[in-house]
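Accompanying notes for the structure given below.
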Amino acid sequence: MRTYHCFWLLFWAGQPHQSFLTLVSKRTSGFPEKEKVLVLSGNSRRDLHRSKRSWMWNQFFLLEEYTGTDYQYVGKLHSDQDKGDGSLKYILSGDGAGDLFIINENTGDIQATKRLDREEKPVYILRAQAVNRRTGRPVEPESEFIIKIHDINDNEPMFTKDVYNASIPEMSDVGIIKTALLNMDRENREQYQVVIQAKDMGGQMGGLSGTTTVNITLTDVNDNPPRFPQSTYQFRAPESMPPDSPVGRIKANDADVDENAEIEYSITEGDGYDMFGITADKDTQEGIITVKKALDFENKNLYILKVEATNTHVDPRFLYLGPFKDSATVRIQVEDVDEPPVFSRPAYIMEVKEDVPINNVIGTVTAQDPDAAKNPVKYSVDRHTDMDRVFNINSGNGSIFTSKPLDRETLLWHNITVIAAEINNPKQSSRVPVFIKVLDVNDNAPEFAMFYETFVCENAKAEQLIQTLSAVDKDDSYSGHQFSFSLAPEAASSSNFTLQDNRDNTAGIFTRKTRYNRHEMSTYFLPVVISDNDYPIQSSTETVTIRVCACDHRGKMLSCNAEALIHPTGLSTGALIAILLCIIILLITVVLFAALRRQRKKEPLIISKEDIRDNIVSYNDEGGGEEDTQAFDIGTLRNPEAIDDNKLRRDIVPETLFMPRRTATARDNTDVRDFINQRLKENDTDPTAPPYDSLATYAYEGNGSVAESLSSLESVTTDGDQDYDYLSDWGPRFKKLADMYGAMDSDKDS
8 MRTYHCFWLL FWAGQPHQSF LTLVSKRTSG FPEKEKVLVL SGNSRRDLHR
58 SKRSWMWNQF FLLEEYTGTD YQYVGKLHSD QDKGDGSLKY ILSGDGAGDL
108 FIINENTGDI QATKRLDREE KPVYILRAQA VNRRTGRPVE PESEFIIKIH
158 DINDNEPMFT KDVYNASIPE MSDVGIIKTA LLNMDRENRE QYQVVIQAKD
208 MGGQMGGLSG TTTVNITLTD VNDNPPRFPQ STYQFRAPES MPPDSPVGRI
258 KANDADVDEN AEIEYSITEG DGYDMFGITA DKDTQEGIIT VKKALDFENK
308 NLYILKVEAT NTHVDPRFLY LGPFKDSATV RIQVEDVDEP PVFSRPAYIM
358 EVKEDVPINN VIGTVTAQDP DAAKNPVKYS VDRHTDMDRV FNINSGNGSI
408 FTSKPLDRET LLWHNITVIA AEINNPKQSS RVPVFIKVLD VNDNAPEFAM
458 FYETFVCENA KAEQLIQTLS AVDKDDSYSG HQFSFSLAPE AASSSNFTLQ
508 DNRDNTAGIF TRKTRYNRHE MSTYFLPVVI SDNDYPIQSS TETVTIRVCA
558 CDHRGKMLSC NAEALIHPTG LSTGALIAIL LCIIILLITV VLFAALRRQR
608 KKEPLIISKE DIRDNIVSYN DEGGGEEDTQ AFDIGTLRNP EAIDDNKLRR
658 DIVPETLFMP RRTATARDNT DVRDFINQRL KENDTDPTAP PYDSLATYAY
708 EGNGSVAESL SSLESVTTDG DQDYDYLSDW GPRFKKLADM YGAMDSDKDS
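Convert by adding 7 to the 1-based position in the sequence shown; the result is the number in the numbering used here.
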């Protein structure tokens, strides 16, 4: 059995035990230390008995900042397997082993090769082991021990910052850094610099110290009111200054800063309270005095104002220092300026009748110099506003008169501009708009509202209304127009038409006689006199054109002479309507024709897929007579054997072209029933037949018919004449047929 041993780390304060401790007589210079021995023993746990100590068994302690010339001695490793014959070798590993800490592999002495700094690394963990020098195998298990560095006072106190910046409101109470003076005033001194020292070891002898600088700034509070640097301000303002123009600036000083120095300005008293205003410039904290209304030197040339400056942010803690506002007096002197003439009104409105004579005065404008000199004024019309020179003005007194005739119907309002300028200084001028309204005079006769061209039917009756007339008047009527209609005197007695005034500004034209003849008289021209009810009365004669046309019994026009269809300036309304109707009919015809062409495509015999009823298919093609052999095979009707083997169905075009089916010909004596059964079988097996039950009709009468065939088609194959006398015996229904064939026979006989 192999025995495993372990390291023991022992610290001895007195004489070591003689049985397993090796005395170390060699000491290193420096701090005095007790000898430290790390004993490696496999049975030391059972044999070693020691009293309780206050230190850890597996720790070495070294002082930092060792200043000796030799290596600093740490301790010694020793194994109870070491017989002193040099067969064992001691190995050290871990933090700093081989570099910072070295071991004598023969004796087990451990030394530190460099100065140690606890602030850099306070603890080192190492592992010790004894191995057989010859085989390299460990004779003891590896043990771990700790080397702790003892601290010495080798660092002075250090502040986290080289310079500290702090601020404290002025007039503040005590803080951590205390104010040494009462009521410290920022306005007197704003910045302070304090040097602070820190000592270790409670400030005792031998301790270290460090310093830092604290920059202290006193922050501002609103403890100063605004103050005007002077009690009175004087400004000058020309009377021509427009409203909202600045007159001047004033400023109240405030020792505070930022928002504590913000100031509001106001006008509290003065005779110019409503003439001037003041606002604060937020950037410069100045008060800007502005003009609110137009100034007039001749009316008032001096204004005295009282202006007040007030802090906007007041701190209630310092109200005891007094009111935080100040006031000053502002004197504003108005300066006289050479002003342009001023019209008595901002605008003029004049009225004039359209029949006023030329050079007649319609109104007057007045303007005067507002200055004390009262310079004379001359007037003129701005020709850019009166290009046609309809009006003119007296340059001396401002009276406006007409220079051309006026017409209300052409232009109702004339808007001109009059210029007034000083004679001594023409640059001083002003303008005023003049609005001239032209009043209406009854100088226009009424006329038809439209061109009237009507017609009368040839079959018209007497007293028949053929046209209603209306009129318009360019003149204006305050009470409304009242027109009267009448026939011209030359047509009143001899006209074929009469005129009835409806007394509602309309009139009706009626026929005077019954029937008109367009061949005798195709056109009538009816003169109508229209008069108004204004003063002076105006009247005009208008002509109504009446065409004589042919009409149906409802009075609808059918045709007129050529002239009636053409308007003097173009086509008449009726002609245009007729042309449009023709075009529409033509378009409809083309559309229907195209639709019929599309119907030529094959259509299914049954539209609905669900319709499975029996259907009767009828063919309405009558053919082209005996000569038409394309519609159907005539020989089939005569003889079943005459059917063409290559014929296909002609009622529809088959989807797929099948090979023609050869149908067996029926013999001459075939019974009708056998013939029908044969055809039915053929239809059932025919792939080109409809896929549903249908009724097929066969024009076969069978053999040996008593009546034989009545068709004239048989005449093609027979050489002799046929007797049709038996038709007379069939009764009255066949009488017409008997007469026809009997007549044919008589023709042949003759």
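Each residue gets a CB set at the ideal place from its N, CA and C atoms; glycine is no exception. Note that the coordinates shown come from a computational prediction; the quantities given were computed from them, not determined experimentally.
Over the uninterrupted beta strand (DSSP E) stretch that includes residue i, give me the two end residues.
{"i": "residue 241", "result": "239-245"}
{"i": "residue 271", "result": "270-277"}
{"i": "residue 497", "result": "Note, residue 497: premise wrong, no beta strand (DSSP E); alpha helix (DSSP H) at 496-499."}
{"i": "residue 421", "result": "420-429"}
{"i": "residue 131", "result": "130-139"}
{"i": "residue 544", "result": "Premise fails: residue 544 is in no beta strand (DSSP E) and is neither H nor E."}
{"i": "residue 417", "result": "Note, residue 417: premise wrong, no beta strand (DSSP E); not H, not E."}
{"i": "residue 333", "result": "332-342"}
{"i": "residue 85", "result": "79-86"}
{"i": "residue 157", "result": "150-157"}
{"i": "residue 373", "result": "Segment: none, residue 373 is in no beta strand (DSSP E) and carries neither H nor E."}
How close, in whole Å, do the beta carbons of residue i and residue j come, if the pair is a contact with beta carbons under 8 Å?
{"i": "residue 365", "j": "residue 410", "result": "6 Å"}
{"i": "residue 353", "j": "residue 376", "result": "The Cβ separation is near 18 Å, so there is no contact."}
{"i": "residue 371", "j": "residue 405", "result": "5 Å"}
{"i": "residue 272", "j": "residue 294", "result": "4 Å"}
{"i": "residue 117", "j": "residue 95", "result": "16 Å between Cβ atoms; not a contact."}
{"i": "residue 325", "j": "residue 192", "result": "That belief does not hold up - the Cβ atoms of residue 325 and residue 192 are roughly 12 Å apart, past 8 Å."}
Under the three-state reduction of DSSP, which class applies to residue i: helix, strand or coil?
{"i": "residue 206", "result": "strand"}
{"i": "residue 304", "result": "coil"}
{"i": "residue 167", "result": "coil"}
{"i": "residue 467", "result": "coil"}
{"i": "residue 735", "result": "helix"}
{"i": "residue 743", "result": "helix"}
{"i": "residue 391", "result": "helix"}
{"i": "residue 531", "result": "strand"}
{"i": "residue 284", "result": "strand"}
{"i": "residue 116", "result": "strand"}
{"i": "residue 523", "result": "coil"}
{"i": "residue 379", "result": "coil"}
{"i": "residue 63", "result": "Bear in mind that the predicted position of residue 63 carries a pLDDT of just 43, short of 50, making it unreliable; the figure below should be weighed with that in mind. Residue state, collapsed to three classes: coil."}
{"i": "residue 325", "result": "helix"}
So, are the CB atoms of residue i and residue j less than 8 Å apart?
{"i": "residue 449", "j": "residue 414", "result": "no"}
{"i": "residue 140", "j": "residue 93", "result": "yes"}
{"i": "residue 305", "j": "residue 379", "result": "yes"}
{"i": "residue 547", "j": "residue 454", "result": "yes"}
{"i": "residue 425", "j": "residue 445", "result": "no"}
{"i": "residue 234", "j": "residue 259", "result": "yes"}
{"i": "residue 102", "j": "residue 133", "result": "yes"}
{"i": "residue 327", "j": "residue 282", "result": "no"}
{"i": "residue 543", "j": "residue 498", "result": "no"}
{"i": "residue 532", "j": "residue 518", "result": "no"}
{"i": "residue 307", "j": "residue 250", "result": "no"}
{"i": "residue 81", "j": "residue 154", "result": "yes"}
{"i": "residue 247", "j": "residue 344", "result": "yes"}
{"i": "residue 478", "j": "residue 512", "result": "yes"}
{"i": "residue 225", "j": "residue 156", "result": "no"}
{"i": "residue 335", "j": "residue 270", "result": "no"}
{"i": "residue 465", "j": "residue 561", "result": "no"}
Quick one: what's got a C-beta closer than 6 Å to residue i's C-beta in the same chain, skipping five residues either side?
{"i": "residue 737", "result": "none"}
{"i": "residue 19", "result": "Note that residue 19 scores a pLDDT of 32, beneath 50, so its modelled location is shaky; the value from the coordinates is reported in the next line. Contacts found: none."}
{"i": "residue 207", "result": "164, 214, 215"}
{"i": "residue 745", "result": "734, 735"}
{"i": "residue 222", "result": "172, 200"}
{"i": "residue 242", "result": "254, 255, 339"}
{"i": "residue 115", "result": "83, 84, 85, 97"}
{"i": "residue 277", "result": "311, 312, 313"}
{"i": "residue 350", "result": "374, 439"}
{"i": "residue 161", "result": "72"}
Can you name, in chain order, every residue of its own chain whose Cβ lies under 7 Å from the Cβ of residue i, other than the five neighbours on each side?
{"i": "residue 540", "result": "489"}
{"i": "residue 431", "result": "382"}
{"i": "residue 330", "result": "232"}
{"i": "residue 362", "result": "448, 450"}
Keeping to the same chain, check which residues put their C-beta closer than 8 Å to that of residue i; ignore five residues upstream and five downstream.
{"i": "residue 461", "result": "473, 474, 516, 551, 552, 553, 554"}
{"i": "residue 419", "result": "444, 445"}
{"i": "residue 740", "result": "none"}
What are the start and end residues of the alpha helix (DSSP H) that includes residue i?
{"i": "residue 681", "result": "679-692"}
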